[in-house]
Structures are given as structure tokens and as C-alpha cells.
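Read in numbering that gives the first Met the number 0, the sequence shown has 84 at position 85, and its numbers run on one by one without any break.
We treat Cβ as the ideally placed atom computed from N, Cα and C, and that holds for glycine.
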Amino acid sequence: MPIPIVLDVDTGVDDAMAILFAVRHPGIDVLGISCVAGNAPLPQVVDNTLRILDAAGAPDLPVAAGAVRPLLEPPRAARHVHGPAGLGDLVLPPARREAVSTSAVELMRRLVLEHPTPVTLVALAPQTNLALLLRTYPEVAGNLERIVFMGGSASVGNATAVAEFNMWHDPEAAAIVLDSNVPAYMYGLDVFNRVAVDHEVAVALEHGDDPLGRVVGSLLGHRVALSEDERAEYTGLIGDAGAVCSLVDPLALRTEVRPVRVELAGYGRGQTLVDLRRLSRGESMVQAHPDEWTRVEVALEVDGERLARLFLDTLGLA
Ligand code: BDR
Ligand code: CA
């Protein structure tokens, strides 16, 4: 049986690749997609999501608009990373499909509660929609298999020295989600930054004959300059798509169940604190305040080549 999932996205160059992979992989059943402000403003996220579904030749599936901004912070679109329209240099034709008129929270609630088996929530964006869902309809947690999220880091950050973008954009939402006690799997920067497609492959795709290959080549080839002084560099990262790959090839990653917190104050705001200490048996976790920390399955290492190959194979681009 394919894994039933609801995707939460802020499309976004790498969310676009994640959507392409999810709707094309036979082991995954995308029940619907909820959109949230993040990489781009919400209306653009919705539009990009609909366009990329068309490009994927995806079946009709519900797409809903959610939160226009984080719980406390103002929206802070990452135009410097994802370009002015959120998809880098890629320009796709106007969408032939439309979003549903219900809100993301209502759509997620219906999709999860109506499904005969537990559903996996795959969160690839700031977790505002998830927090609102779990606060509005806590009973939804009862039919969630787990939450797989791209976010956080057990080492360095990207939005700040220590905070990853999705967590930093809405730290309160991430804290609410972690506190919900739904089993969680963290696909953070430690692995996100290690799954890439070679430059020559991306160039060949972008300039090849396959329409989907041209889309993927353009997304992979999108160059990011982190500051004005820096030269834009090719990374070839498949980004959020790696988190979706982990659903169907979990053995490509090494994970550990670790206590995790989201820092809400000061310079560390948005940082995921991951307790990596190896405490001997019987030694108290007293310094870690165990009741306030959530045990999360954290991906720490990945066979990047293996996931990049899975990504290209699934899209028929290998
Ligand atoms: C995450 O932030 C966004 O820019 C990407 O889409 C990804 O979900 C990486 O920090
Ligand atoms: Ca994203």
C-alpha cells in the first residue's frame, strides 16, 4: 500500500522538486497539499504549487491556502534564495487547476480524519499551518502516523548562524508541533545539504528534450548568492525532495532518537537544540529537563548519491 501523505509546502524551488517526486513515486499517495507563507508570499506559493502540479501531470488533488504569516513574526519571504517569484529562473505556464476554497486547516483535518489508515504529515515549510491544525483540532493527532519535517539542524543554521529557515520563520509554531507528541522525524540541514545532483547532469537536463527534465534542470541549476559579495554558486541540492525520498528509502539515512527543543528567545531564536550527549545508563538527564524535550527521530547522516539517484530515477530522468 502506498504511504498516504499530506504535504505542507511553501513552494519554493526545492518544495517544487519535492512535489514532483511525491506525485510521481508509486509508493506515495498524496492526499492533498496545504500551502503556507514562507519562501514566497502565500498567493505565490499557491500559484507555484498549482503550476508545478500541472508540470508533473499530477492527478487532480486538493490544494488549499493556509496561513499568510507566522504566528508572531511578520512574513519574511526568502526572495534572495528562491527568486522574486519563488521558482528561481523557472517560468511555468499559468495553472490549469485551481485551489479549493476551504482553508488549509480544514482541508488537512478532513483528509486526515477521513482516511481509513493513519496519515503522514510531510512538512516542508514553516509549521504555521500544522500548529493551527493541532491547536484547532487536536483530535487529528489520533490519525497521524507521524510528522516528517524538513527543518532544524543538529549543527549549523542557514537563516541565522544556528537556526534553519523553516524553524526560524515560525519558531512558536514549530514548538507547538513538537509539543503535540505526534511522533516526529526531523530531516534537517545536516542531511538536506548533502543530497545533490552533479552539475553536468543538471545542465544536460535543463537543455535536453524532456519537458519535465527541463523543469528539474532549471530548479537544480538555480544559483544562490547568500550575500551580495558572494558569487552565486551551483549547489544542485534536491532540497525538500530529500525529506520525501526518506519516506520510501529510510535506510539511506542514519537516524537517532534524540531529545529536541526549539529555542524561542535571544540570539538562538529558531534553533533546534538537539541533545546528542551519550549519557551512560542510569545517568540522569536532569540537565536536559526531559519533560520539556521531545524525543524526535533525527536524521544525522545520509547516502546523498543514493537519494539523488532515487530522485532522478523516480522522475524518469536517470
Ligand atoms: C528550507 O527553507 C526553505 O528555503 C526551503 O524550501 C527548505 O524547506 C531550508 O532551510
Ligand atoms: Ca520549503
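Ala36 to Glu138 span [Cα, whole Å]: 25 angstroms
When Pro92, Asp302, Val243 and Gln43 are compared against Gly65, the one with the closest alpha-carbon: Of the candidates Pro92, Asp302, Val243 and Gln43, the one whose C-alpha sits nearest the C-alpha of Gly65 is Gln43.
Report the start-end ranges of each alpha helix (DSSP H) in the segment 91-179 that is 4 residues or longer and not cut off at the edges. Taking only runs of at least 4 residues, the alpha helix (DSSP H) segments lying wholly in the segment 91-179 are 103-113, 127-135, 164-168 and 170-178.
Is the beta carbon of Met149 within less than 7 angstroms of some heavy atom of ligand 1? yes
Tell me whether the beta-carbon of Ala55 lies closer than 8 angstroms to the beta-carbon of Arg23. Yes, the pair counts as a contact, with Cβ atoms nearer than the cut-off.
With DSSP collapsed to three states, give me the class of Ile27. strand
Val297 Cβ short of 7 angstroms to ligand 1 heavy atom set: no
Shortest alpha-carbon distance to Tyr233 belongs to which of Ala242, Arg222 and Val243? Arg222
Quick one: measure Cβ to Cβ for Asn47 and Ala57, integer angstroms, because I've assumed they're closer than 8 angstroms. The beta-carbon separation of Asn47 and Ala57, rounded to 14 angstroms, does not stay under the 8 angstroms limit for a contact.
Considering only residues of the same chain and omitting the five flanking positions on each side of Ile175, which have a CB-CB separation below 7 angstroms? Annotation for Ile175: Ala130, Leu133 and Arg134 place their beta carbon closer than 7 angstroms to its own, counting only its chain and skipping 5 residues before and after.
Could you compute how far the alpha carbon of Met185 sits from the alpha carbon of Ala240? 14 angstroms
Can you look up Ile237 in the DSSP assignment and give me helix, strand or coil? coil
With a CB to CB cut of under 6 angstroms and the five nearest residues on each side skipped, what residues in its chain are close to Gly265? none
Taking the beta strand (DSSP E) that Val35 belongs to, which residues open and close that run? No beta strand (DSSP E) contains Val35, which DSSP labels as neither H nor E.
So, is Ser154 buried or exposed, given that buried needs 16 or more other C-beta atoms within 10 angstroms? exposed
Member of Leu6, Leu30 and Gly85 whose CA lies at the smallest distance from the CA of Leu218: Closest in alpha carbon position to Leu218, among Leu6, Leu30 and Gly85, is Gly85.
Inspect the CB distances between the segment 150-167 and the segment 205-220 and report whether three or more fall short of 8 angstroms. no
Say yes only if the C-beta of Glu232 is nearer than 7 angstroms to one or more non-hydrogen atoms of ligand 1, and no if none qualify. no
Which stretch, first to last residue, makes up the beta strand (DSSP E) that contains Val323? The structure shown does not extend to residue 323, since the chain is modelled only from 0 to 317, so the question has no answer here.
Which value, in whole angstroms, describes the spacing of the CA atoms of Leu120 and Thr271? 19 angstroms
Report the option in Leu204, Leu263 and Asn192 whose CA atom is closest to the CA atom of Gly238. Asn192
Determine the DSSP secondary structure at Arg78, reduced to helix, strand or coil. helix
Evaluate the contact criterion for the segment 1-20 versus the segment 241-248: three or more CB pairs, one atom per stretch, below 8 angstroms. Yes, the segment 1-20 is in contact with the segment 241-248.
As a quick check of your reading: which residues have a C-beta less than 5 angstroms from at least one non-hydrogen atom of ligand 2, in chain order? That query returns the following residues: Asp9, Gly11, Asp14, Leu123, Ala124 and Asp239.
Give the DSSP-derived three-state secondary structure of Asp13 in the structure shown. In the structure shown, the three-state DSSP call for Asp13 is helix.
Can you tell which of Val104, Met0 and His198 has its C-alpha closest to the C-alpha of Gly26? Met0
Give me the Cα-Cα distance between Val99 and Ala251, rounded to the nearest whole angstrom. 36 angstroms
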